[in-house]
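Now the structure itself:
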């Protein structure tokens, strides 16, 4: 009798195997409309010379304050196979008229050549975490043939870069899209052309630029404009902007799938049981079946995030069981709610890191979860929240109550905007919290 196939036993078939090459000089020249001065092949694409790995293609992009052409020698010393430039150089290169435009063309070529099912993710809160969780689920389901945008590469440079890095043989691609003004996601989603578009939630992030939550919802809903024919829009059923998002998706011809606790949700939360390690045992109804799985990440917001993940996995036809295993293994992202346990007198201190440009909703959710944790001491690292405009002082000061309710012993406040919170806490309270 044959032994049962385990997830670690891959590639399980010839189609799962494949070379490591990403692009060769001929394909690159055709894609970017450039001229190659040598034959070469590349295994990666990079825009930051400090991060170049052997075999990479380095794009010498021009920014407002610097020019990537200055770092060609550094990129080559670190092992780059070739560079993309707008002028002649000694290194193996592709010469183009505009390097940023060339990167966008390469991203478009990568999207055109792949047969992968593509997922686009946006939202005011949780888009990076949800993107990572969807990737983990699809990567396990496909035995390592999923691709995603790394870090927060979600803008007019990061999105084409993420596409350009996608191997042709990928089965799934997960791309994050961000914005700080109307029209930005519309341009990005037309590059990504997702089969599934996920909106995590609507909250007052970028309100400085957009002015209202309604405008933020409309800007996020632009993601539906790039959906492939027959595409699926996955939206939060519990959001006050559910109908607004649903109507925008329907206007774009999308199939709408909702997630949340609301009775009308297509992926509906039925029950949550707190786990011993801070995670949750979750039961959901998916209309024709019920699922029970573990979410390792603590907090009610991660329970909700998991519903979006399961909705996405089902929409692309991937393995829900593999998704459950992935959610049970998820770890926190640095600066985005990561948990760090620190030995302390009399027990264990728990530090929560929310230092990376969070927003009011994610901060409150993180602090609420911290308050539910059993720890000798509770420490919160809170970073300034950006693009809140005239609302910034009120939103920062408004964190004082959640901090106190959570029983936080020490708070490390990072950024000038946090002065409003320090002031709201007051000197005695701030000293008691160990403000830094």
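Residue numbers (the working numbering): 117 to 552.
No residue lacks a Cβ here, since even glycine has one placed at the ideal position from N, Cα and C.
Inter-residue distance for residue 265 and residue 291 is about 5 Å (C-alpha atoms, whole angstroms). In the structure shown, residue 220 falls within a helical segment according to DSSP collapsed to helix, strand and coil.
Closest option to residue 463, judged by alpha-carbon separation, among 493, 436, 486: 493. Within the stretch 457–510, the runs of alpha helix (DSSP H) that reach at least 4 residues and sit entirely inside it are, in chain order, 476–488. Residue burial is scored here from C-beta neighbours: residue 386 has fewer than 16 other C-beta atoms within 10 angstroms and is therefore classed as exposed. The residue from 476, 491, 529, 482 with its alpha-carbon nearest to that of residue 499 is 529.
Residue state for residue 352 is assigned as strand, using DSSP reduced to three classes. In the displayed model, residue 380 falls within coil according to three-state DSSP, outside both helix and strand.
Short of 7 Å from the beta carbon of residue 318, and not among the five residues preceding or following it, lie these beta carbons of its own chain, in chain order: 240, 329, 332, 333, 336, 355, 357.
Taking the Cα positions, residue 221 is about 22 Å away from residue 169. Within the same chain, Cβ atoms closer than 7 Å to the Cβ of residue 441 are found at 256, the five residues on either side in sequence being excluded.
The alpha-carbon of residue 233 is positioned some 19 Å away from that of residue 274. When the beta-carbon positions are compared, residue 276 and residue 315 stay at least 9 Å from each other.
Sorting 372, 469, 187 by C-alpha distance to the C-alpha of residue 524 places 469 at the top.
Unbroken beta strand (DSSP E) stretches of 3 residues or longer found wholly inside the stretch 237–266: 262–264, given in chain order. A distance below 7 Å between beta-carbons, with the five flanking residues on each side excluded, links residue 191 to the following residues of its chain, in chain order: 165, 168, 174, 199.
In this structure, residue 311 sits near residue 431, with a CB-CB distance shorter than 9 Å.
If you draw a straight line from the Cα of residue 369 to the Cα of residue 216, it comes to about 32 Å.
Counting along the chain, residue 417 sits inside the alpha helix (DSSP H) bounded by residues 416–431.
Taken atom to atom, the span from the alpha-carbon of residue 401 to that of residue 410 is near 15 Å.
A residue is called buried when at least 16 other Cβ atoms come within 10 angstroms of its Cβ; residue 380 does not meet this threshold and is exposed.
Counted as a single uninterrupted DSSP element, the alpha helix (DSSP H) harbouring residue 332 occupies residues 329–337. In the DSSP assignment, residue 357 is bridged to no other residue. With a cutoff of 9 Å on beta-carbon distance, residue 226 and residue 157 are scored as not near each other. Look at residue 441 here: in three-state DSSP terms it is helix.
Residue pairing by DSSP leaves residue 307 without any beta bridge partner.
Looking at the backbone, the Cα of residue 189 and that of residue 162 are separated by about 14 Å. Straight-line spacing of the CA atoms in residue 155 and residue 269 works out to 29 Å. Its Cα nearest to that of residue 348, the residue 375 stands out among 375, 326, 325, 327. When secondary structure is reduced to three states using DSSP, residue 180 falls in the coil class, being assigned neither helix nor strand. Where residue 162 is concerned, the enclosing beta strand (DSSP E) starts and stops at 160–162.
About 5 Å separates the CB atoms of residue 511 and residue 504; that is less than 8 Å, so the two are in contact. In the DSSP annotation of this structure, the continuous segment of the beta strand (DSSP E) that includes residue 528 starts and ends at 526–530. Residue range 396–401 is occupied by the beta strand (DSSP E) that includes residue 396. Membership of residue 520 in any beta strand (DSSP E) is not indicated; the residue belongs instead to the alpha helix (DSSP H) covering 516–521. A Cβ-Cβ contact shorter than 9 Å links residue 279 with residue 223.
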